[in-house]
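Note that UniProt numbering gives residue 10 to position 10 of the sequence shown, counting from 1, and the numbers run on in steps of one. Cβ atoms here follow ideal geometry from the backbone N, Cα and C, with glycine treated the same way. Heads up, the thing below is written out as structure tokens.
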Amino acid sequence: MDPAILCIGSVLWDVIGRSPSAMGLGSDVPGRISRLPGGVALNIAMTLRRFGLAPALLSAVGRDDEGDALIAEIAGLGLRCDLIYRSDDLPTDRYMAIEGAGGLVAAVADAHSLERADARILAPLKDGRLGAPDAPFDGIAALDGNLTEGLLARIAQGPWLARADLRVAPASPGKVARLQPLLSHPRATFYVNLEEARLLLNAAPGAGPATALAAAAALHGRGAARVLVTDGGRSAALADPQGAFDAAPPAVMVARVTGAGDTFMAAHIAAELRGEQGPAALRSALATAASYVSGEVAS
1 MDPAILCIGS
11 VLWDVIGRSP
21 SAMGLGSDVP
31 GRISRLPGGV
41 ALNIAMTLRR
51 FGLAPALLSA
61 VGRDDEGDAL
71 IAEIAGLGLR
81 CDLIYRSDDL
91 PTDRYMAIEG
101 AGGLVAAVAD
111 AHSLERADAR
121 ILAPLKDGRL
131 GAPDAPFDGI
141 AALDGNLTEG
151 LLARIAQGPW
161 LARADLRVAP
171 ASPGKVARLQ
181 PLLSHPRATF
191 YVNLEEARLL
201 LNAAPGAGPA
211 TALAAAAALH
221 GRGAARVLVT
231 DGGRSAALAD
241 PQGAFDAAPP
251 AVMVARVTGA
261 GDTFMAAHIA
271 AELRGEQGPA
281 ALRSALATAA
291 SYVSGEVAS
């Protein structure tokens, strides 16, 4: 039987515009626009599903036409979505991004419904469906920074996930500060990029650790039990009580970037569930992420 895995956070529609052209402020270029199921929690869940795992989603999705269509697509992927909070008065969230020849040009994440739903998305952890205060969920729980800082603080202090193996992603550099309440959690593993790591370390603009390895070691030194830091096509590193090490990702042509970090995180979780450890699990995650950004893995 697969280990119990929850993906808690954003489940929404990704609207992505991609062009092979280099773009700057005010650019107007030909390209392709697609709408796909997305959001950090859903991206992680979809990758876990590709590895044969069966995660459940905790999130907020509206009872509007967009929400019904999104739930239908999620269910078609074989993901458990019956625990998602469906709101009558909140619209389904959306994410919009523009990608060009140099990677991500700009993005806007509209996760206001998830934020307004707040702790209502955690009801299955309290009412016996997944756990209760005296019998908390004890599997893997992937959290993302689209949850509010207040809710993340309550998760850090509350009983609902006190026994869980927490895997934490910031969602974006603009939301990484929300993770501060979880930074000293003894059961949390953080997945951040180099920019996000510097922000968590409160480094001055243009300062901070120069490499993923240095950043991972610094965050571990600040109290993070375990942390993985990526730095695009350059390197990725892991630091925990056993030490710190890094690895280089495979060199590939970049076809897309949205969802790459989520894919890396899910692939690392899947590798560890297969029994891989340390450098082996890190290399497996890097290989999967490289295949994703190259376009070899379907969205």
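Euclidean distance between Cα positions of residue i and residue j
{"i": "glutamine 157", "j": "arginine 63", "result": "31 Å"}
{"i": "proline 186", "j": "alanine 218", "result": "16 Å"}
{"i": "proline 181", "j": "proline 30", "result": "43 Å"}
{"i": "glycine 223", "j": "cysteine 7", "result": "24 Å"}
{"i": "alanine 204", "j": "lysine 175", "result": "17 Å"}
{"i": "leucine 12", "j": "phenylalanine 264", "result": "19 Å"}
{"i": "alanine 289", "j": "alanine 260", "result": "6 Å"}
{"i": "glycine 221", "j": "glycine 278", "result": "18 Å"}
{"i": "isoleucine 71", "j": "glycine 243", "result": "42 Å"}
{"i": "leucine 161", "j": "glycine 139", "result": "9 Å"}
{"i": "glycine 38", "j": "arginine 154", "result": "25 Å"}
{"i": "aspartate 2", "j": "leucine 122", "result": "Unreliable positioning characterises aspartate 2 in this predicted model, as indicated by a pLDDT of 45, which lies under 50. A coordinate reading is not provided."}
{"i": "phenylalanine 137", "j": "alanine 56", "result": "12 Å"}
{"i": "phenylalanine 51", "j": "aspartate 262", "result": "14 Å"}
{"i": "alanine 285", "j": "threonine 230", "result": "11 Å"}
{"i": "serine 21", "j": "aspartate 89", "result": "40 Å"}
{"i": "valine 108", "j": "glutamate 73", "result": "23 Å"}
{"i": "proline 91", "j": "tyrosine 85", "result": "12 Å"}
{"i": "residue 326", "j": "arginine 120", "result": "Absent from the structure is residue 326, since the part of the chain shown begins at 1 and ends at 299."}
Beta bridge counterpart(s) of residue i as assigned by DSSP
{"i": "serine 184", "result": "BP columns for serine 184 are empty, so no partner."}
{"i": "alanine 7", "result": "Note that residue 7 corresponds to cysteine in the displayed sequence, not to alanine. Leu57 and Ala142, per the DSSP bridge assignment."}
{"i": "proline 37", "result": "Trp13"}
{"i": "glycine 100", "result": "Gly103"}
{"i": "asparagine 193", "result": "Thr230"}
{"i": "aspartate 246", "result": "Ala237"}
{"i": "arginine 49", "result": "DSSP, once it has assigned bridges, lists no residue as partnering arginine 49."}
{"i": "aspartate 110", "result": "Arg94"}
{"i": "leucine 166", "result": "Ala141 and Ala188"}
{"i": "serine 87", "result": "Gly62"}
Nearest residue (CA-CA) to residue i, options the options
{"i": "leucine 282", "options": "Tyr85, Ala236, Leu53 and Glu115", "result": "Ala236"}
{"i": "residue 318", "options": "Gln277, Pro249 and Gly275", "result": "Any property of residue 318 remains undetermined from this structure, which presents the chain solely from 1 to 299."}
{"i": "leucine 77", "options": "Glu66, Asp65, Ala164 and Leu53", "result": "Leu53"}
{"i": "aspartate 105", "options": "Glu149, Met23 and Gly38", "result": "According to the sequence displayed, residue 105 carries valine and not aspartate. Of Glu149, Met23 and Gly38, the residue nearest in Cα terms is Met23."}
{"i": "tyrosine 191", "options": "Leu183, Tyr85 and Ala169", "result": "Ala169"}
{"i": "glycine 232", "options": "Ser294, Arg80 and Ala111", "result": "Ser294"}
{"i": "aspartate 118", "options": "Arg274, Asp246 and Ser87", "result": "Ser87"}
{"i": "alanine 225", "options": "Ala97, Asp246, Ile269 and Ala188", "result": "Ala188"}
{"i": "leucine 130", "options": "Ala101, Arg80 and Met96", "result": "Arg80"}
{"i": "alanine 141", "options": "Arg178, Ala270 and Glu149", "result": "Ala270"}
{"i": "phenylalanine 245", "options": "Leu273, Ser113, Glu272 and Ala280", "result": "Ala280"}
{"i": "glycine 9", "options": "Leu125, Asp127, Ala111 and Leu199", "result": "Ala111"}
Sub-8 Å separation of residue i and residue j beta-carbons
{"i": "leucine 228", "j": "leucine 238", "result": "yes"}
{"i": "isoleucine 5", "j": "glycine 17", "result": "no"}
{"i": "proline 209", "j": "glutamate 195", "result": "no"}
{"i": "leucine 83", "j": "leucine 58", "result": "yes"}
{"i": "glutamate 99", "j": "valine 297", "result": "no"}
{"i": "alanine 41", "j": "aspartate 165", "result": "no"}
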